[in-house]
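Trainee: In my numbering, the protein residues as written are 19 to 287. From the three backbone atoms N, C-alpha and C, an ideal C-beta is built for every residue, glycine too.
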Amino acid sequence: MSVTTAETAWRFPNDATPLGSARYYALRFAPAARRDALALLVLWHARLRAIPEAVSEARIGAAKLDWWREEIERCASGAPTHPLGTPLAALIAEQALPLEPFIEVIAHQDARLAAPCPPHFEALAAHAETDLGALFELLARCEGERSPASLREARALGAYCRLIAGIRDGGWWWRRGQLDFISADLLPSDQGQLPERLPTLLATTAARAEQLRAEAQRGTCRARSVRIRARLARVLAAELAASDYAVVDQRIALPPLRKLWHAWREQRR
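Okay, structure coming up:
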């Protein structure tokens, strides 16, 4: 992809892949020739995910997301208008990326505007797959993965990572009135009991997420950006379990050096 010097802020590392983050290390140990493309996709996803959190009215967020649906179509036709659109259009053409995962990500953010609470774990996992699962499919494709089995694995690992991230941020989301990190069948009838019961409910969700990962991860997907993110999510899941899911008033995170070590180990496999 060729872009002018003034349009390179999306390259690795960018605002969505800061030093010390899981996203940074996942891309730092990805193939060097693919890092900028991967960083572009991660940045685009971060920009879209920020929309529901930034707007005060759902209709404003919906309008922004509708604009992005049109922009993705413009990218596919080679006529983008957003600063990220130019490199995205080039990447879509270069890698023959399908538009469906982009549209899934947009639809996921649209659903978040309604503050959903999926009825059961299967719906929760499907909801997660349309977010990081769709992104991970695009990342895997950019690293050369094309087989249906590999792409299915990438999507499942993306869903797993989103589920673990939801558990980590459960207290924060609960305070904001967002419950799409847990399924409705686990919620107490008295919402006032949720803070007290949240650790137990998150433990159940984490166990189901781990089962999903164990059933999906067969080593078919070799994309480093996907494998490293999945490994770091598993390490984070262990830390959350060790804390007894005490996330109501704190955010548990892995130290950067620990992320670095696990990312380095994973890329050597």
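Taking the beta carbon of P273 as the centre, do at least 16 other beta carbons fall within 10 Å, making it buried, or is it exposed?
Mentor: The residue is exposed, with fewer than 16 neighbouring Cβ atoms inside 10 Å.
Trainee: Pick helix, strand or coil for F120, following the three-state DSSP scheme.
Mentor: helix
Trainee: Whole angstroms are fine: how far does the CA of G210 sit from the CA of C239?
Mentor: 43 Å
Trainee: For D187 versus R269, is the C-beta distance shorter than 8 Å?
Mentor: yes
Trainee: Could you compute how far the alpha carbon of E91 sits from the alpha carbon of P98?
Mentor: 8 Å
Trainee: Please name the residue, chosen from A111, K82, E112 and L117, that lies closest to H100 on a Cα-to-Cα basis.
Mentor: K82
Trainee: Would you kindly check if the distance between the Cβ of W282 and the Cβ of F139 is under 8 Å?
Mentor: no
Trainee: Quick one: what does DSSP say L272 is sitting in, helix, strand or coil?
Mentor: Reduced to three states, the DSSP call for L272 is coil.
Trainee: From R247, A50 and A55, pick the residue whose C-alpha is nearest to that of A177; which is it?
Mentor: R247
Trainee: Starting from S243, follow the alpha helix (DSSP H) in both directions and report where the run begins and ends.
Mentor: R242 to A260
Trainee: With DSSP run on the structure shown, which of helix, strand or coil describes A34?
Mentor: coil
Trainee: In whole angstroms, give me the CA-to-CA distance for A255 and A68.
Mentor: 24 Å
Trainee: Is the distance from the Cβ of L45 to the Cβ of L56 below 8 Å?
Mentor: yes
Trainee: Going by C-alpha distance, which of R164, P105, P116 and L220 is nearest L181?
Mentor: Among R164, P105, P116 and L220, the Cα nearest to that of L181 is on L220.
Trainee: I need the DSSP call for E161, collapsed to helix, strand or coil.
Mentor: coil
Trainee: Quick check on the DSSP output: the alpha helix (DSSP H) that includes S95 runs from which residue to which?
Mentor: A76 to S95
Trainee: Determine the closest residue to E228 out of A108, A183, R29 and E284, with distance taken between C-alpha atoms.
Mentor: For E228, the nearest C-alpha among the options comes from A183.
Trainee: Can A125 and A76 be called in contact, C-beta distance under 8 Å?
Mentor: no
Trainee: Are the CB atoms of L58 and L109 within a distance shorter than 8 Å?
Mentor: Contact: yes.
Trainee: Please name the residue, chosen from P206, A172, G79 and L258, that lies closest to A232 on a Cα-to-Cα basis.
Mentor: A172
Trainee: Restricting to Cα atoms, I'd like to know which of K277, A259 and R286 is closest to L216.
Mentor: Put simply, of K277, A259 and R286 the residue whose alpha carbon is nearest the alpha carbon of L216 is A259.
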